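Trainee: Number 311 in this note's numbering belongs to position 180 of the sequence shown; there are no gaps in the numbering. Following this message is one structure expressed as structure tokens.
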Amino acid sequence: MADLRTDFLGIRSPNPFWLASAPPTDRKTNVLRAFKAGWGGVVWKTLGEEGPPVVNVSGPRYGAIHGPDRRLMGFNNIELITDRPLELNLQEIAEVKKLYPDRALVASIMVPCDEDSWKRILPRVEATGCDGVELNFGCPHGMSERGMGSAVGQVPEYIEMVARWCKAFTRLPVIVKLTPNITDIRHPARAAKRGGADAVSLINTINSIVSVDLDRMAPAPHVDGRGTHGGYCGPAVKPIALSMTSEIARDPETRGMPISAIGGITTWRDAAEFIALGAGTVQVCTAAMTYGFKVVDEMVTGLSTFMDAKGYRTIEDFRGLAVPNVTDWQYLNLNYVAKARIDQDLCISCGRCHIACEDTSHQAITATVDGRRRFVVKDDECVGCNLCVEICPVENCITLEHRTVGTDPRTGQPYAQPYANWTQHPNNPASSAGRAAE
Ligand SMILES: Cc1cc2nc3c(=O)[nH]c(=O)nc-3n(C[C@H](O)[C@H](O)[C@H](O)COP(=O)(O)O)c2cc1C
Ligand code: SF4
Ligand code: SF4
132 MADLRTDFLG IRSPNPFWLA SAPPTDRKTN VLRAFKAGWG GVVWKTLGEE GPPVVNVSGP
192 RYGAIHGPDR RLMGFNNIEL ITDRPLELNL QEIAEVKKLY PDRALVASIM VPCDEDSWKR
252 ILPRVEATGC DGVELNFGCP HGMSERGMGS AVGQVPEYIE MVARWCKAFT RLPVIVKLTP
312 NITDIRHPAR AAKRGGADAV SLINTINSIV SVDLDRMAPA PHVDGRGTHG GYCGPAVKPI
372 ALSMTSEIAR DPETRGMPIS AIGGITTWRD AAEFIALGAG TVQVCTAAMT YGFKVVDEMV
432 TGLSTFMDAK GYRTIEDFRG LAVPNVTDWQ YLNLNYVAKA RIDQDLCISC GRCHIACEDT
492 SHQAITATVD GRRRFVVKDD ECVGCNLCVE ICPVENCITL EHRTVGTDPR TGQPYAQPYA
552 NWTQHPNNPA SSAGRAAE
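Written out as structure tokens, the structure reads:
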């Protein structure tokens with residue numbers, strides 16, 4: 132039986148599934164229910180500074196993109212940090228930690244970007260007995276207009292400066308939560324490391340307008356007729372989060388830095404993918420908001436079953452195993468040849484593969500053979516692009532086959548050739564073969 136326990140910066144949890152800082156972790160009643168349901172940890176809804184709490188809109192604060200079956204694909208919010216008093220949150224954090232000492236309890240914090248604000252709040256947070264702090268440099272709406280959240284996360288120098296203050300003012304592990312609203316995620320991650328942060332978590336939400344109400348001529352959701360950009364999350368953002376996680380995991384400057392991965396995690400498989408790319412824990416928000424806390428059951432059981440099937444005893448056994456296989460385009464094997472193949476027994480003759488390949492790829496799928504409606508791949512045209520595989524409505528009906536025996540009728544070259552990439556290719560003016568050809 133797989134052991135799902137994690138030790139992230141010395142913060143122990145019975146499984147890697149933490150709830151991300153958001154409404155599910157907003158208050159004691161929620162967090163107790165979450166722990167009862169089996170979550171390994173939580174990052175408390177972001178705390179602000181002492182004083183009158185922030186005020187949220189009382190109208191719609193969420194929007195969404197749905198798939199054709201009404202399944203929620205992307206989620207958008209214009210919510211601010213906690214709108215409850217700091218003292219109440221601190222008191223509840225302390226109470227929850229006492230009741231559940233075996234779970235991870237991290238406090239998320241966002242205060243103004245000056246040293247005194249951080250100096251004031253950190254000892255109070257530490258006094259709750261929580262396990263760590265997460266610096267929210269990510270929220271892209273509302274708070275960023277006040278110089279916090281992503282306004283800090285978009286300036287590596289600020290990240291480094293605040294991380295350094297926090298390391299000086301608390302003994303707790305410091306996790307820097309990164310905004311994806313930046314060109315190259317490696318720069319803020321490197322800054323966090325330079326500032327002494329113990330780990331990074333990512334991603335926070337992505338700047339977004341999910342739709343426009345064409346009757347009101349306003350972004351949706353709108354409050355009294357006007358809308359604003361919000362933060363996008365949920366299954367739709369997972370690919371962006373995976374890519375950013377991999378960039379940090381393989382960057383020589385941040386390699387080995389602990390990562391708590393966030394973004395669209397809905398199933399055990401999503402979590403396993405992030406762990407394979409180096410994440411030590413994963414955080415979940417939208418899936419819990421969509422399906423409730425019990426969604427963690429599937430995550431725990433699924434991950435455990437997967438690990439048993441693969442012979443991984445602990446999370447560490449497979450953490451980061453996919454990282455060495457993430458590379459730059461220039462190192463891909465240009466001599467690898469794959470061709471599409473259609474399983475005629477599964478094909479329902481819808482013709483989508485033909486029209487997609489005919490109109491937008493390489494005209495490599497027949498529509499008729501001997502006058503009969505039949506879809507067959509023409510090896511002499513197919514470049515193995517995978518388009519037909521992805522758009523075919525029947526799963527596994529079209530597959531890509533790696534060819535190793537014989538000659539490619541498209542290029543006239545033998546299929547079996549040694550690995551060669553763009554840096555070695557004669558068409559590349561910068562390669563030695565390219566320079567020789569000039
Ligand atoms: C309604 C809502 C409120 C959020 N509030 C916070 C917050 O206070 N602090 C924070 O760091 N992230 C906040 N987030 C971002 C989430 O913690 C998480 O980074 C993001 O939703 C991506 O994860 P997901 O795809 O699992 O939802 C919020 C997200 C949502 C949907
Ligand atoms: S898209 Fe799939 S099911 Fe439709 S014709 Fe092509 S192979 Fe057959
Ligand atoms: S893999 Fe690409 S080129 Fe080959 S048949 Fe499919 S769509 Fe056409």
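Using N, Cα and C, we set each Cβ at its ideal position, and we do this for glycine too. Here the structure is a predicted model, which is why all the values come from computation and not from measurement.
Taking C-beta to C-beta, are proline 389 and valine 331 nearer than 9 Å?
Mentor: Counting from one through the sequence shown, the residue named residue 389 turns up at place 258. Counting from one through the sequence shown, the residue named residue 331 turns up at place 200. Taking 9 Å as the cut-off, the beta carbon of proline 389 is found closer than this to the beta carbon of valine 331.
Trainee: Applying the 10 Å Cβ sphere with the 16-neighbour rule, what's the burial state of lysine 369?
Mentor: In the sequence shown, residue 369 corresponds to position 238, counting from 1. Around the CB of lysine 369, 16 or more other CB atoms lie within 10 Å, so the residue is classed as buried.
Trainee: Would you mind working out which of Cys484, Ile240, Glu246 and Leu463 sits nearest alanine 498, comparing C-alpha positions?
Mentor: Against the sequence shown, residue 498 aligns to sequence position 367. For alanine 498, the nearest C-alpha among the options comes from Cys484.
Trainee: May I have the straight-line CA-CA distance separating tryptophan 296 from threonine 314, to the nearest angstrom?
Mentor: To locate residue 296, count along the sequence shown from 1; it is residue 165. To locate residue 314, count along the sequence shown from 1; it is residue 183. Going from the Cα of tryptophan 296 to the Cα of threonine 314 covers about 25 Å.
Trainee: So what does phenylalanine 506 bridge to, in DSSP terms?
Mentor: Locating residue 506 in the sequence shown gives position 375, counting from the first residue. Partner(s): none; phenylalanine 506 has no beta bridge.
Trainee: With a threshold of 8 Å on Cβ separation, who are the neighbours of phenylalanine 300 within its own chain once the five nearest residues in sequence on each side are excluded?
Mentor: Here residue 300 is taken as the residue at index 169 of the sequence shown, counted from 1. Closer than 8 Å at the Cβ level, and outside the excluded window around phenylalanine 300, lie Trp249, Lys250, Leu253 and Pro254.
Trainee: Going by C-alpha to C-alpha distance, which of Lys176, Gly565, Cys519 and Leu236 sits closest to glutamine 555?
Mentor: On the sequence shown, position 424 is the one that residue 555 refers to. Of Lys176, Gly565, Cys519 and Leu236, the residue nearest in Cα terms is Gly565.
Trainee: Does the beta carbon of serine 339 fall short of 8 Å from some heavy atom of ligand 1?
Mentor: Stepping through the sequence shown from its first residue, residue 339 is reached at position 208. Outside the cutoff, so no.
Trainee: Thinking C-alpha only, which one of Ala469, Met438 and Leu408 is nearest alanine 547?
Mentor: Walking along the sequence shown from the start, residue 547 turns up at place 416. The option with the nearest alpha carbon to alanine 547 is Ala469.
Trainee: Looking at C-beta atoms only, is the number of pairs between the region 338-354 and the region 417-431 that lie closer than 8 Å three or more?
Mentor: No, the region 338-354 does not touch the region 417-431.
Trainee: For my contact list, threonine 462 and asparagine 552 are in at a C-beta cut-off of 8 Å; report their separation, rounded to the angstrom.
Mentor: On the sequence shown, residue 462 is found 331 positions in, with the first residue counted as 1. On the sequence shown, residue 552 is found 421 positions in, with the first residue counted as 1. Here the sequence assigns tyrosine to residue 462, which means threonine is not the residue at that position. The Cβ separation is near 5 Å, so the contact holds.
Trainee: For tryptophan 460, count neighbouring C-beta atoms within 10 Å of its own C-beta (all shown protein chains included) and say buried if the count is 16 or more, exposed if not.
Mentor: In the sequence shown, counting from the first residue as 1, residue 460 sits at position 329. Exposed.
Trainee: How should alanine 392 be labelled, buried or exposed, when 16 other C-beta atoms within 10 angstroms of its C-beta is the threshold for buried?
Mentor: To locate residue 392, count along the sequence shown from 1; it is residue 261. Looking at its Cβ environment, which holds 16 or more other Cβ atoms inside 10 Å, alanine 392 is buried.
Trainee: Spatial neighbours of phenylalanine 506 within its chain, please: CB distance less than 8 Å, with the 5 preceding and 5 following residues excluded, ordered by chain position.
Mentor: What you label residue 506 is simply residue 375 of the sequence shown in a count that begins at 1. Cβ neighbours of phenylalanine 506 beyond the five flanking positions: Ile473, Cys478, Ser480, Gly482, Cys484, His485, Ile496, Thr497 and Ala498.
Trainee: Cβ of valine 162 within 9 Å of Cβ of valine 256?
Mentor: Locating residue 162 in the sequence shown gives position 31, where the first residue counts as 1. Locating residue 256 in the sequence shown gives position 125, where the first residue counts as 1. Taking 9 Å as the Cβ cut-off, valine 162 and valine 256 do not qualify as a contacting pair.
Trainee: Rounded to whole angstroms, how far is the Cβ of isoleucine 379 from the Cβ of alanine 320, which I believe are closer than 8 Å?
Mentor: Position 248 of the sequence shown, counted from the start, is the residue given in the question as residue 379. Position 189 of the sequence shown, counted from the start, is the residue given in the question as residue 320. Contact flag correct, Cβ pair sits at about 5 Å.
Trainee: Within its chain, find whatever has a CB closer than 8 Å to the CB of tyrosine 363; leave out the 5 residues flanking it on each side and keep chain order.
Mentor: Here residue 363 is taken as the residue at index 232 of the sequence shown, counted from 1. Same-chain partners within the cutoff: Gly205, Phe206, Asn207, Thr336, Ile337, Asn338, Ser339 and Val341.
Trainee: Compute the Euclidean distance between the alpha carbons of isoleucine 290 and glycine 327, then round it to the nearest angstrom.
Mentor: The residue you call residue 290 lines up with position 159 of the sequence shown. The residue you call residue 327 lines up with position 196 of the sequence shown. The alpha-carbon atoms of isoleucine 290 and glycine 327 are separated by roughly 10 Å.
Trainee: For ligand 3, is there a heavy atom less than 8 Å away from the beta-carbon of valine 508?
Mentor: Mapped onto the sequence shown, residue 508 falls at position 377. Flag set: Cβ of valine 508 near ligand 3.
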